[in-house]
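Input: a single structure, listed below in structure tokens.
Numbering (our numbering), first residue to last: 314 to 880.
So, in structure tokens, the structure goes:
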């Protein structure tokens, strides 16, 4: 999206941000009712075609605004342009009306307005009016819904906390809702063109798309109290998950890299083996060698096309290599889930290893939710997690970390008491390296994610990749994510203390053998002051990976900085 300065706006009781062409963080009384309103253009494979703002005019008053937009989306055969008028009135009515035209003939999966409701609305009652005039009531799901929780939305009213209620009305398309927490987005999405209709479809040049959404406040909430300080409380009853990383594919781990990784005291390294590859034995032997080099046992993830796979051959290789195995995860090569027959066959064939057998989804939580495994044949339930299915911007990445809570709660509900392994945890799909993970942003994101995983009861987390452009280290470079894991390493199996977020600060507080360590991540690009209550012995703080202390009394954390406080 072309760069235009973000700005804050008001519409009567609502406050919000204009970010590019999107409305974000629409809230009243300190409580968010709508996370985002935007226009999406999705290609035939559901890829998001980026927007370029051609023109943007903003007129802002003390309690109202008007925005005029001209935007285009162009990639390969797709050429779609639209204009929009976005208004906010003093009575609290916000309208986003867009008028688009296809300037070429192309195939699309979806084009239109999307409204994201924040995950904090889970459990809120709603009233919906359908296009037919009929209506109904319900509750936004607390556990993640496998399928669309609300269909055929012409108008929907929903509480957003402390007595507040907002109403959304839609024109120009049949809208419905999906639970985006399936893909670890921290939202419920209302979108046009129902998934029950055929897709993708061809759009002829000259086709117009016109849609509108109107937001009104039905009832004002009680104003939320601002939290002035981070509070460190007693042990939560949770234990820090075991933390490992994933072996890189297509490269060796260098000598300097091995030494840095060994210093992290990793609980395991994950190796992925595809049994339809005729060289799988060599790949497994290589994985064992790399695991030994970084002084860590294996988390072995095996993809097999049939239950009749060479499980005993795998066991023989591992026995010969004399490598520790913390668990074996088994997935179907095609579906990347774990059918019962596959898990049962692996358990029999790998019995001599005496290692836990796990499975679930080697993709998103969505696959685990929709293709639920028989937990009785598993020792561990596992799923992959990354945030970039729907959005890639910095703000969305940090917002979406909160959905880890929901994914783990929903996984526990179907796991039958089995431990949950989050493997791997990455900011993007494993096939892509995100340059942000080599910066302070990456450490802040990982700290926030580990804090969520720890407080929500994950048993194990496999973070990122060991080495390379998507790694913790790359040659002589140790990235901020590596320094973060180095700060956590002495606290393996530590008690997780009760904490609360404070504004843009996220906290992981650990205690073991009379020692307390608090890691504080600023998930904003702007500096934020730090105040801590409940850690009376703490006097100083420092940046991760550094030893020079700063006085805690006047602490200010830089944008995307991570602080260490020992008490």
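Even glycine gets a Cβ: it sits at the ideal position worked out from N, Cα and C.
Open item on the list: In whole angstroms, give me the CA-to-CA distance for residue 851 and residue 745.
Closed with: To locate residue 851, count along the chain shown from 1; it is residue 538. To locate residue 745, count along the chain shown from 1; it is residue 432. Within the model, the alpha-carbon separation for residue 851 versus residue 745 is close to 40 Å.
Task: residue 709 - containing alpha helix (DSSP H), residue span - done: As a working mapping, residue 709 is identified with position 396 in the chain shown. Membership of residue 709 in the alpha helix (DSSP H) is indicated by the continuous run 707 to 713.
Task: Three-state secondary structure (DSSP) of residue 745 - done: Translated into positions along the chain shown, residue 745 becomes position 432. In the structure shown, residue 745 adopts coil according to DSSP, grouped into three states.
Open item on the list: On the CB-based measure, 16 or more other CB atoms within 10 Å of its CB, does residue 776 come out buried or exposed?
Closed with: Your numbering for residue 776 matches position 463 in the chain shown. Residue 776 comes out buried.
TODO: Spatial neighbours of residue 603 within its chain, please: CB distance less than 6 Å, with the 5 preceding and 5 following residues excluded, ordered by chain position.
DONE: Translated into positions along the chain shown, residue 603 becomes position 290. Only 560, 566 meet the Cβ criterion.
- [ ] In the DSSP assignment, find the unbroken beta strand (DSSP E) run with residue 657 in it and report its ends.
- [x] Taking the first residue of the chain shown as 1, we reach residue 657 at position 344. Note, residue 657: premise wrong, no beta strand (DSSP E); alpha helix (DSSP H) at 653 to 662.
Open item on the list: Pairs of beta-carbons, one from the segment 479 to 487 and one from the segment 520 to 532, closer than 8 Å: are there three or more?
Closed with: Of all C-beta pairs linking the segment 479 to 487 to the segment 520 to 532, three or more are shorter than 8 Å, placing the two stretches in contact.
Open item on the list: Under 8 Å: do the segment 681 to 694 and the segment 496 to 515 share three or more Cβ pairs, one atom per stretch?
Closed with: Because the criterion of three Cβ pairs below 8 Å is not met, the segment 681 to 694 and the segment 496 to 515 do not touch.
Open item on the list: Given a cut-off of 9 Å on the beta-carbon distance, is the pair residue 836 and residue 876 in contact?
Closed with: For the purposes of this step, residue 836 is taken as residue 523 along the chain shown, with counting starting at 1. For the purposes of this step, residue 876 is taken as residue 563 along the chain shown, with counting starting at 1. No.
Open item on the list: Does chain C have any CB closer than 9 Å to the CB of residue 629?
Closed with: This model lacks chain C altogether; it includes just one protein chain.
Task: residue 585 and residue 617 closer than 9 Å at C-beta - done: By one-based count along the chain shown, residue 585 stands at place 272. By one-based count along the chain shown, residue 617 stands at place 304. Residue 617 is positioned such that its CB atom lies no closer than 9 Å to that of residue 585.
Task: Contact set for residue 685: own chain, Cβ-Cβ below 7 Å, skip 5 residues either direction - done: Numbered from 1 along the chain shown, position 372 holds the residue referred to as residue 685. Excluding five sequence positions before and after residue 685, the CB atoms of its chain that fall closer than 7 Å to its own CB belong to 727, given in chain order.
TODO: Note the first and the last residue of the continuous beta strand (DSSP E) segment covering residue 876.
DONE: Taking the chain shown and counting its residues from 1, one reaches residue 876 at position 563. Counting along the chain, the beta strand (DSSP E) containing residue 876 begins and ends at 875 to 879.
TODO: Assuming residue 724 contacts residue 694 (C-beta within less than 8 Å), just tell me the rounded distance between them.
DONE: On the chain shown, residue 724 is found 411 positions in, with the first residue counted as 1. On the chain shown, residue 694 is found 381 positions in, with the first residue counted as 1. That belief holds up - the Cβ atoms of residue 724 and residue 694 are roughly 6 Å apart, short of 8 Å.
Open item on the list: Restricting to runs no shorter than 3 residues, where is the beta strand (DSSP E) found entirely within the segment 554 to 615?
Closed with: With a minimum length of 3 residues, the continuous beta strand (DSSP E) runs that stay inside the segment 554 to 615 are 555 to 559, 582 to 587.
TODO: Report the rounded CA-to-CA distance for residue 823 versus residue 519, giving the unit in angstroms.
DONE: For the purposes of this step, residue 823 is identified with residue 510 of the chain shown, where counting begins at 1. For the purposes of this step, residue 519 is identified with residue 206 of the chain shown, where counting begins at 1. Their Cα atoms are separated by approximately 60 Å.
Task: Cβ-Cβ distance between residue 426 and residue 371 below 9 Å - done: Against the chain shown, residue 426 aligns to sequence position 113. Against the chain shown, residue 371 aligns to sequence position 58. Not closer than 9 Å, so no.
- [ ] Please confirm if the segment 591 to 598 is in contact with the segment 563 to 579, defined as three or more CB-CB distances below 8 Å between the two stretches.
- [x] Fewer than three pairs of CB atoms, one per stretch, sit closer than 8 Å, so the segment 591 to 598 makes no contact with the segment 563 to 579.
Task: residue 383 versus residue 333 - alpha carbon distance - done: Here residue 383 refers to the residue found at position 70 when the chain shown is read from its first residue. Here residue 333 refers to the residue found at position 20 when the chain shown is read from its first residue. Here the alpha carbon of residue 383 sits roughly 11 Å from the alpha carbon of residue 333.
- [ ] Could you please give the first and the last residue of the uninterrupted alpha helix (DSSP H) stretch that includes residue 434?
- [x] For this step, residue 434 is matched to residue 121 along the chain shown. From DSSP, residue 434 is part of no alpha helix (DSSP H); its letter is neither H nor E.
Task: Closer than 8 Å: residue 771 CB and nearest the ligand NAD heavy atom - done: Among the ligands in the structure shown, none appear at all, so the ligand NAD cannot be discussed.
TODO: Below 8 Å on the Cβ atoms is my guess for residue 547 versus residue 811; work out the distance and round it to an integer in Å.
DONE: The count along the chain shown starts at 1 and reaches residue 547 at position 234. The count along the chain shown starts at 1 and reaches residue 811 at position 498. Contact holds; Cβ gap of about 6 Å.
Open item on the list: For residue 802, list the residues DSSP reports as bridge partners.
Closed with: Residue 802 sits at position 489 when you count from the first residue of the chain shown. Paired residues: none, contrary to the question.
Open item on the list: Closer than 8 Å is the cut-off here; do at least three beta carbon pairs connect the segment 753 to 772 with the segment 703 to 722?
Closed with: These segments touch.
TODO: Just grab the DSSP bridge partners of residue 336 for me.
DONE: Position 23 of the chain shown, counting from 1, holds the residue named residue 336. In DSSP, residue 336 forms a bridge with 331, 350.
Open item on the list: Helix, strand or coil for residue 549? Go by DSSP, reduced to three states.
Closed with: Position 236 of the chain shown, counting from 1, holds the residue named residue 549. DSSP, reduced to helix, strand and coil, places residue 549 within a strand of the structure shown.
Task: Beta-carbon proximity check, residue 734 vs residue 574, cutoff 9 Å - done: Position 421 of the chain shown, counted from the start, is the residue given in the question as residue 734. Position 261 of the chain shown, counted from the start, is the residue given in the question as residue 574. For residue 734 and residue 574, no; Cβs fall outside 9 Å.
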